[in-house]
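Colleague: One structure, as structure tokens, below. Some questions next.
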Amino acid sequence: MTLELKNITTVVNQGTPEEKTILHDLNLKLHDGDFVTLLGTNGAGKSTLLNVINGSLKPSTGQILLDETDITNLSEVKRAKAIAQVFQDPKMGTAPRMTVAENLLLATKRGQHRGLKLRGLERHMEEFTEKTAQLPNGLSERLNTFVGNLSGGQRQTLSFLMATIRQPKLLLLDEHTAALDPNTSKNLLELTNDVVTKKQITCIMITHQLRDALKYGNRTIVLNSGKIVLDAQGKEKRQLTEEKILEFFTN
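Shown next as structure tokens:
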């Protein structure tokens, strides 16, 4: 899988006094299996970049290629066949009035046409039990629990499993551990690293934690004012320190 962004500029509130350019002529190419940790100050354009990639926000100018196919004008729904995302808010990405198992069944049909009724739930229960048993938070014992009754950590772990249960071409993680307590956050980060590296999923993970950016992934990218000011990989990433990264946060 390759993802290429060519000369992406994103302007919001065009034609109004609040008009603002978020991304400035941005170029980025991801190769198969790249695990990118993405850093930047508030307003640097991190979430906007993910929204441009997932199709919820169309760039003002530029081109997006997925496996050399132009997806710039492809809808968010159609991109969902290849792109999965986990959000910062544990309440996003799951259906609270459906059970854990029903949510997982929906995830197996990501990007497909779905009817009004869920079919074949029972034949998937063994698979769902096996997959959730490998996760923290006791989800395997709560397959028949409504998601709205789960803790934030359980719900976010479920969101991650839903995003990866059918391996996507690209996984987007928008500060997916930020709303969790430190211990739950650590557990989910370790799970994320294990799944992404073992399955070699191409992934972009936004984080505010410099130590996590250094610890995880094979590339670290810093956005500043809508521009990529650091793209460290290989030896350069291994030699990065928190102090060096902070130098790229200043204008």
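All residue numbers for the sequence shown refer to my numbering, where the first residue is 1 and numbers rise by one. Think of the CB as a built atom: it goes at the ideal place given N, C-alpha and C, for glycine as much as any other residue.
Determine the burial state of residue 252: buried for a count of at least 16 other Cβ atoms within 10 Å of its Cβ, exposed for fewer.
Modeller: The question about residue 252 has no answer here: the residues shown for the chain are numbered 1 through 251.
Colleague: Do you know how far the Cα of residue 20 is from the Cα of residue 142?
Modeller: Within the sequence shown, the letter at position 142 stands for residue 142. Within the sequence shown, the letter at position 20 stands for residue 20. So the alpha carbons of these two residues sit roughly 45 Å apart.
Colleague: Return the Cβ separation of residue 50 and residue 172 in integer angstroms, given the expectation that the two are a contact with Cβ distance under 8 Å.
Modeller: Along the sequence shown, one-based indexing puts residue 50 at 50. Along the sequence shown, one-based indexing puts residue 172 at 172. At roughly 5 Å, the Cβ-Cβ gap stays under 8 Å, so residue 50 and residue 172 are in contact.
Colleague: Suppose you measure from the CA of residue 149 to the CA of residue 94; what does that come to, to the nearest Å?
Modeller: In the sequence shown, counting from the first residue as 1, residue 149 sits at position 149. In the sequence shown, counting from the first residue as 1, residue 94 sits at position 94. About 12 Å.
Colleague: How far does the alpha helix (DSSP H) with residue 163 in it reach, from first residue to last?
Modeller: Translated into positions along the sequence shown, residue 163 becomes position 163. That run of the alpha helix (DSSP H) goes 152 to 164.
Colleague: Return the CA-CA distance between residue 225 and residue 45, expressed in angstroms with no decimal places.
Modeller: Here residue 225 is taken as the residue at index 225 of the sequence shown, counted from 1. Here residue 45 is taken as the residue at index 45 of the sequence shown, counted from 1. For residue 225 and residue 45, the distance between alpha carbons rounds to 7 Å.
Colleague: By Cβ distance below 7 Å, which residues in the same chain neighbour residue 74 in space, the five residues on each side in sequence not counted?
Modeller: The count along the sequence shown starts at 1 and reaches residue 74 at position 74. Cβ neighbours of residue 74 beyond the five flanking positions: 55.
Colleague: Roughly how many whole angstroms lie between the Cα atoms of residue 97 and residue 107?
Modeller: Here residue 97 corresponds to residue number 97 of the sequence shown, with the count starting at 1. Here residue 107 corresponds to residue number 107 of the sequence shown, with the count starting at 1. Each residue's Cα considered, the two are about 15 Å apart.
Colleague: Please work out which residues of its chain come closer than 7 Å, Cβ to Cβ, to residue 116, disregarding the five sequence neighbours upstream and downstream, and give them in chain order.
Modeller: Here residue 116 refers to the residue found at position 116 of the sequence shown. Any reading at residue 116 must be qualified, since the residue scores a pLDDT of 47, below 50, and its modelled position is unreliable; no value is offered.
Colleague: According to the neighbour-count rule (16 or more other Cβ atoms, all chains shown, within 10 Å of its Cβ), is residue 85 buried or exposed?
Modeller: Looking up residue 85 in the sequence shown gives position 85. Residue 85 is buried by the Cβ-count criterion.
Colleague: Mind checking which residues open and close the alpha helix (DSSP H) that includes residue 193?
Modeller: In the sequence shown, the residue the question calls residue 193 occupies position 193. Where residue 193 is concerned, the enclosing alpha helix (DSSP H) stretches over 182 to 199.
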